[in-house]
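Undergrad:
In the numbering used here, the protein residues as written are 93 to 225.
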């Protein structure tokens, strides 16, 4: 599977991550296999340098907009300021195996993952090819 994202959207996420010492986060919006927009959100985690938690009002508003015919909430993005662009143990512990996309920025790169069920742990992340034209 390959998911498309415009180069400008990916560059916007990378710039947000580069400008912050804390983990940045937001939503991935689109349809089928294309990320068409992002919606930055405040990181309201108690320790934003090490964890992320999306601002609930942004998440609720995005789901309401999707129900009204807007783009679907495909997943979210976040950064690992001092880590790699792969799911951390904290990500694995907090994720739901719901098929959502996780775009993770770290070490100057971005990777896309899909959260799915696993028989041993709560969630298994599968890396998805990202096409940024």
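Backbone N, C-alpha and C define an ideal beta-carbon position, used for all residues, glycine too.
Since the structure is predicted, the reported quantities are computational estimates derived from the model, not experimental observations.
Residue 124: which of 144, 194, 163 and 181 sits nearest, CA to CA?
TA: Distance from the Cα of residue 124 is smallest, within the candidate group 144, 194, 163 and 181, for 163.
Undergrad: On the three-pair Cβ rule with 8 angstroms, is the region 135-152 touching the region 104-117?
TA: Counting Cβ pairs under 8 angstroms, three or more are found: they touch.
Undergrad: Opposite residue 221 in the DSSP bridges: which residues?
TA: 94
Undergrad: For residue 157, name the three-state secondary structure that DSSP assigns.
TA: helix
Undergrad: As an exercise, report each continuous beta strand (DSSP E) stretch of at least 3 residues that is fully enclosed by the region 156-200, in chain order.
TA: Fully contained in the region 156-200 are the following beta strand (DSSP E) runs of length 3 or more, in chain order: 164-171 and 193-198.
Undergrad: Residue 176: buried (16+ other C-beta within 10 angstroms of its C-beta) or exposed?
TA: exposed
Undergrad: Output the distance between the C-alpha atoms of residue 137 and residue 220, rounded to the nearest integer angstrom.
TA: 27 angstroms
Undergrad: Let's test the definition: count the other Cβ atoms within 10 Å of the Cβ of residue 182 and tell me whether it reaches 16, buried, or not, exposed.
TA: exposed
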